Structure formats: C-alpha cells, structure tokens
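This report concerns only the one structure given below.
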Amino acid sequence: MGIKQKTVPFTGTRQQHDDLLKVISKHKDDKGALMPIMQEAQEIYGYLPIEVQTIISNELEIPLEKIYGIATFYSQFSLSPKGKYIISVCLGTACYVKGAGDISNKLKELLGIDDGECTPDGKFSIESCRCIGACGLAPVITVNDDVYGKITVDDVEGILAKYE
Amino acid sequence: METVNVKINGISLDVPKGSTILEAARLAHIEIPTLCFLKDINEIGACRICVVEVKGARSLVASCVYPVADGMEVLTNSPKVLSSRKQTLQLILSDHDRKCLSCVRSGDCELQKLCKDLNVDDETFYEGERNHYDLDYSSTHMVRDNNKCILCRRCSAVCEHVQDVGVIGANDRGFATNIACAFDMGLGETSCVSCGQCIAVCPTGALYEKDNTEDVFAALNDPEKYVIVQTAPAVRAALGEPFGLPIGTNVQGKMVAALRRLGFDKVFDTDFAADLTIMEEANEFLDRVQNGGKLPLITSCSPGWIKYCEHYYPDMLDNLSTCKSPQQMFGAITKTYYAEKMGLDPEKIVMVSVMPCTAKKFEITRDDQNAAGVPDVDISITTRELARMIERVGLNFLALPDEDFDDPLGRSTGAAVIFGTTGGVMEAALRTAVETLTKEELPNPDFNEVRGTNGIKTATYHVAGMDVNVAVASGLKNAKELLEEVKSGKANYHFIEIMGCPGGCVNGGGQPQQPANIRNSVDIRAIRAKALYDIDASMSIRKSHENPAVKKLYDDFLEKPGSHKAHELLHTTYVRRTINTI
C-alpha cells in the first residue's frame, strides 16, 4: 500500500493553479463537468498528479477515488509527467518478435521507472507505443525525434548516455 | 395500479408496469440469481448472472434492470440461460482466490452458493493468468482482500451513494480493474469512516472486519484477567440469524447464556450505559437550550457518524454532544465505579464489547477515551465475530436456556434497547427531557413520529411552552442532506439524532450478512427494529431516568448528570480531520 506513481516531485506554479481554478469554475455547473475539467487540467500541467486531482476533488466535492478511477481507466490521462526526453519503445508485432520486450525491460531497469513513468530528475520518461511504421528497422525506439533502429539490449546504455 | 401481462416460463401473469423482469419473476415465485444487483443502490446490470431469454430479443438480457413490457415472453431457466450463467461463474472463478476452506464467508458466500446451485463442476475450467493483490490491513477496523473480489461494485456503490464517502472504487481497466482507494492508498489513509457497510453488502470474503476473536479467547484463558462483556442493543435482534433463526428474532436470553458459557466473568448490557447516555445527553440538551449553548445538539453515539462529521463537517464539531458513546461510557463506569465497588484493579479488567458495528473497533482506539487511565474498552467484536466464537466452542445456541444479565450493570430500560434503531436515541432522550421539563409523567412514552426507516424524519413537540424541533437521520447521505439544511439556515432544529448506518445499528456494518436476494426483497432494518420496539413495549421501566441502577450510580458516585465527575469520565472531545490528505 501507499501512494504510487510518485516518482517526480510536483512543481505546479501559481499560474497553473489559477488556470485550473478558472477551468473548474467555467465547467462547475455543467452536467458531466469532470471529464472536460480533467482534460483541461492535463493540458495545463501535462499530467494529473495527486496534487492536481486533489484540487479538482475539493473544488467539485467529488471523491478523489472517483477522479483517480477515471484517470486510470482512460489511457489518455497520465499520472506522470513527460520527461525532457520521451523514449518511445515500439511494441508492434515486428519489433516485438525482434526482442523489443527485452529492450523495454532494459530501459526500465536502467532508469528505475515503469512504463508511463518519468525519472525523478524529470529527464527521461518511457512510453510504449504500437507500430511506428519502421518495421524494416525492428526493433525500434525513438528518443524525442531521434530514431534508433536494429538495436540490441547492449546498445541501450550507450543511447541513454548521449542524452546525459 | 397499471399492469402489463407477461409470460414467464409459460406462466401468464399480470405485473405492475415498470417492474423489472427480476421483480416480475419473483411474483411468479421464481428467484432469479443475482450478484451485482442491489436495489436502488447498484443497478448496473454488469455481472450477467441474472440473464434471461426474452422472446424476440437479440441476446440474453440482464433481468435485474430490464423492464417488462406487455406481451413479453421470458424464459428464466432455459438451457441457454443456465449455460451462460455457469460460464460466467467459471470466468469469475478463473481470477478468484478459491481458498474457500479457510474463508471467513465459507458457508454464507453468495458466489459459493451460486457455484453450487448452478452445478459448476470444474472451478478451474478457464485456468489462466491470475491477479495477485496485497491485502489492505491499513485501517483499524477491516481487511480488504482483492484476491476474493469479483468486481460486483456493491461496496463502492454503498460507499458513494448511500454513505456519501466514496473512498473505494474501480481503478484501472480490463483485466487489471481492481477495487481500491485513490492512488492505491490504504483504506486507513483515506477519509473512510469505518462504518462497514461495504462489508455488509460484500457477496464474498473480499471485505471483512479485523478478527479479534482470538484476543478475546486469550483474555478468557488468562487467569490474571477479569473479563467483562457488554452487548449493544442491536446485537440481540440479529445474532440468531447465523444460527438459522428468522430475521428479527430477539435472542437476548440465549446470547447471555452463550456469553456466560464462553467464560466471561460478568455479562453486562450496553443498554445500562445507553440509559446513562440519556441522562447526560438530556441534561446537556436542556443546558444548551436554557443557557444559550450551541444548537442543534447532535447525538454522538455512532462512531461512524462521528468520524464522518470530523472529516466532512469539521465546522460542526461544536454541535456534537460531548457525551461518549454508550460503549465507551460502559467501559469508563466499569473500570472506575464498578472496579472500586468490587475491589478490582482496572488494569486487570478486560472490557470486551459486542457491537453491531465495525466503527466501534476504531472508537476504542480514540484519544480521550480512558477514564481510569487505561482504555475504556479493550476489545470490540462484531455480532458476526460473536457468532463465530459460539460456533468455535461448539455451543448449541438454539438449545441454550434464556438467561438474564448480571447485576447491576445489566439493568436497563425500554428507552435503552431502542438505541439500536434509527430514532431510538431521540425517542429515549425525549422521554427523559420532556418529563424533566414538564415535571409530569408522560401519558404515553411512544414518540411515533421519529420511528420508521425513512432516511430523514422530523417532528415538532410542544413542551413546557416551547416548540422543540427535532430531526433524525440515518445513513450518511441523509445526514449530509440534513446538515446542509441546517447550515443554509433552511431548517431550525434544536436536537438531531444521526446514526451512520441506514436504519441505525440494527443494520450496522458488524451485523450478520444477508444475501442480496433477501436485502432486495425485505426490509431487514424494519424487521430487526421491530424486535427492539417489542422489547421496549414489554419492559416495566421504559424511561432512562427511572433505571434504578443508574439512579444508584448517580447517588453513590457521579452525584448528578453533568457533574464535574461525570464530565471527567463520561464526556470526550473530537478532532478536525480533512477529506483529502494533500
């Protein structure tokens, strides 16, 4: 037990907080206000950490669990921020049979985070994706706009080092 | 009433328009099995156990939510229906911890019964990947074991829609879906109020109280300890159920006999302390009315309600009566007055309470509940735990004689026994407050306006030239509605009774579970409450201030209600809490 997804300290600003309150007051009396508020909150903060969900819970007087349940149901909502470098691991069929699962595991091991999470220093986040259309290069990962193809587990450490 | 004609399994009958197929079938004496359905609380048609064939429909329909129509033809047990139900059960079992032998619900598990009824002969039919969850022991009163959870959502529906708390719900999706708290906090880290209504409606062994029966047996077997038990009013109206007696059977006499045979040194009655509570609370009420104190005064007997108030209405803590609950008053008097009288060392007394309640397990751990310098109550067990203790030692409960409580803390009145149902504390307080104010005997001690299972009841009584406005709420969503009226100034009450569980303690979170098909078709709150009102009506003394043992307690020890000593021993304080922790 204990609060999970707490890898990155929350760094919300006054401005973001004010923006969120504006969004909440805009939708507050609408039927089904929660979803649009959560979507706009994610636009403001980039993700929905407990601090943001708590503000929504307190303002709308909706249980935090209800908000968390929705946030974990829809994959469009994220509980972790995106890193400065977003690592996408293709887990499409071609990459998968070429060992993308092992590469994903190696990344998680080296960075100490899970899929969908961000390192505590805010530098790297990992997200798995489906086919990116470069099956000829399988297995493929991308780091922001850089594409790395035909990589092996042993290449992973070197790739990360480029962004240190 | 407008009716429609339907044909169920070939039998033609007229049923009220708007009925569901489930309700219509019941009128034809066919009980369609259900799992997720709780009438008015969880009507989501999700579990697919109640499916039936409707002629002309594209697929099987969920009878719990599907309304009847004129001329509809329904088959409730065709081969297609039975095979679908069986398959659904096999799929549920494929991700279910099937340790039935040691499960707390073995024997009264709704899933187990369905598997037996529907002849699920291979519980490993869909064996495959399984979810494995850590058990949640973080709260004081209960355990959550998601490995036994079937995702029916009865618990989260009750928590959110009946109790207005909503600290548990469905997280994640698909195969990973699990019932838990926000951010996977432990239940003990949330604003859970410990009411245990989730346990009362759980069909399986996924939710259960923390078991303290072994602690009680250890105390009973310790020659150094003097073990005293007290039993709450509502326990006697439900303890017979696990032994096969009809709902609402009063088993007070057998309960006392069983406790004596379990080895308790004294078998006392929480009802004594209920009378004492009335003395203190009626005095507090009159004092607030006459001296301009904070009104409305709100009762403080229900620890689930108290915790709710602390989390959700911290600005109304001054409205709460400062009286400890009867459980705690009982412990306080036992370890001071009774210990002194009998020459017992309070340190060696083990005060055990049997309660219809799980929040009582939390209450005994609260601060400012230790009149003798040791906790007022040491162990609090539920009605269910007492039933398990009786079974464990092989007592033939039904064959036990009817015995009486021990003196003097077993003496009580009709006013005390109705504490176990919504409106009972109010009625008991009115009997004493009115006679105190008017100095005349009430011609009839019944206050029928505050009886019944309605969520909110109100009444105005003309007493000694004054209009006294009272309100009674049970179930925390109803409490919220009432409190919002008070806060907005829409209502002007002098005295409010609130009980955390719908219907009051008779329907408490620690009472024997009744399966959904019973809960959906009869009002167990009203039937159990009737047992208490019948006891009240049969008693020679029906007003708390006439309890001779309570009078003697004041004469010998406490002096008078609201005295300095009474305040020290019988009153307590509350803490401000928040809903969310960040």
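Those protein sequences? They're chains A and B, same order as listed. Going from the first sequence to this note's numbering is simple: count from 1 and add 1. Going from the second sequence to this note's numbering is simple: count from 1 and add 34. All C-beta atoms, glycine included, are put in the ideal place defined by N, C-alpha and C. Here the structure is a predicted model, which means the values were calculated and not measured.
query: Cutoff 8 Å: ASN614 of chain B Cβ touching any chain A Cβ; result: yes
query: Own chain, CB closer than 6 Å to LEU293 of chain B, minus 5 neighbours either side, in chain order; result: VAL263, VAL301
query: Spatial neighbours of ALA42 of chain A in its chain, beta-carbon cut-off 7 Å, leaving aside the 5 residues before and after; result: LEU21, VAL24, LEU49, VAL53, ILE57
query: Euclidean distance between Cα positions of ASP30 of chain A and MET36 of chain A; result: 13 Å
query: Sequence-distant residues of the same chain with beta carbon closer than 7 Å to LYS382 of chain B, five excluded per side; result: GLU258, LYS259, TYR260
query: CB contact check: TYR69 of chain A to chain B, cutoff 8 Å; result: yes
query: CYS132 of chain A, enclosing alpha helix (DSSP H) - first and last residue; result: Segment: none, CYS132 of chain A is in no alpha helix (DSSP H) and carries neither H nor E.
query: Own chain residues within Cβ distance below 8 Å of LEU61 of chain A, not counting five before or after; result: ILE25, LYS29, ALA34, LEU35, ILE38
query: Close beta carbons around HIS18 of chain A, own chain, < 6 Å, minus the five adjacent residues each side; result: none
query: For ILE55 of chain B, the nearest candidate out of B:SER46, B:THR37, B:ILE78, B:ALA96 (CA to CA); result: B:ALA96
query: Interface positions of the stretch 205 to 239 of chain B facing chain A (Cβ-Cβ less than 9 Å), listed along the chain; result: ASN205, ASP206, ARG207, ALA210, THR211, ALA214, CYS215, ALA216, PHE217, ASP218, MET219, GLY220, LEU221, GLY222, GLU223, THR224, SER225
query: C-alpha distance - LYS124 of chain A paired with GLY113 of chain A, whole-angstrom precision; result: 12 Å
query: Neighbour-count burial assignment, PHE298 of chain B, 16 or more Cβ in a 10 Å radius; result: buried
query: Interface partners of VAL679 of chain B on chain A, CB under 8 Å; result: Lying outside 35 to 616, the shown extent of chain B, residue 679 of chain B is not represented and no answer is given.
query: Beta carbon proximity, PRO64 of chain A to chain B, threshold 8 Å; result: yes
query: Proximal residues of chain B, C-beta to C-beta of PHE74 of chain A below 9 Å; result: ALA204, ASN205, ASP206, ARG207, THR211
query: Closest by C-alpha distance to SER225 of chain B, when choosing among B:ARG207, B:ASP151, B:VAL199; result: B:VAL199
query: Continuous beta strand (DSSP E) stretch holding SER46 of chain B: start and end; result: 45 to 50
query: Terminal residues of the alpha helix (DSSP H) in which ASN106 of chain A lies; result: 101 to 112
query: Whether GLY448 of chain B touches VAL411 of chain B by CB criterion (8 Å); result: no
query: Whole-angstrom distance between PRO435 of chain B and SER93 of chain B, CA atom to CA atom; result: 56 Å
query: Through-space distance from TYR346 of chain B to ILE613 of chain B, alpha-carbon basis; result: 6 Å
query: Contacts of VAL502 of chain B in chain A (Cβ-Cβ under 7 Å); result: Going along chain A, no residue has its Cβ under 7 Å from VAL502 of chain B, so there is no contact; the nearest lies around 32 Å.
query: Cβ-heavy atom distance, GLY486 of chain B to the ligand ADP, below 7 Å; result: No copy of the ligand ADP occurs in the structure displayed, which carries no ligand at all.
query: DSSP-derived helix/strand/coil call for THR211 of chain B; result: coil
query: Run of the alpha helix (DSSP H) containing MET289 of chain B, from where it starts to where it stops; result: 286 to 296
query: C-beta contact flag for LEU296 of chain B and VAL427 of chain B at 8 Å; result: yes
query: Three-state secondary structure (DSSP) of HIS496 of chain B; result: strand
query: Chain B contact residues for THR55 of chain A, given Cβ-Cβ distances below 7 Å; result: ASN614, ILE616
query: As assigned by DSSP and simplified to three states, the class of GLU258 of chain B; result: coil
query: Separation of LEU510 of chain B from SER387 of chain B, as counted between CA atoms; result: 24 Å
query: Cβ-Cβ separation, LYS114 of chain B to GLU87 of chain B (assumed contact under 8 Å), whole Å; result: 6 Å
query: Pick from A:PRO64, A:LEU92, A:THR14, A:TYR86 that is closest to PRO140 of chain A, judged by C-alpha positions; result: A:LEU92
query: 8 Å contact criterion, which ALA393 of chain B and PRO337 of chain B should meet: CB distance rounded; result: 4 Å
query: Minimum Cβ-Cβ distance from MET2 of chain A to chain B less than 8 Å; result: Below a pLDDT of 50, predicted positions are generally treated as unreliable, and MET2 of chain A, at 44, falls in that range; the measurement from the model is reported next regardless. Answer yes: the Cβ-Cβ gap between MET2 of chain A and chain B drops below 8 Å somewhere.
query: Inter-residue spacing [alpha-carbon to alpha-carbon] between GLY596 of chain B and GLU318 of chain B; result: 7 Å
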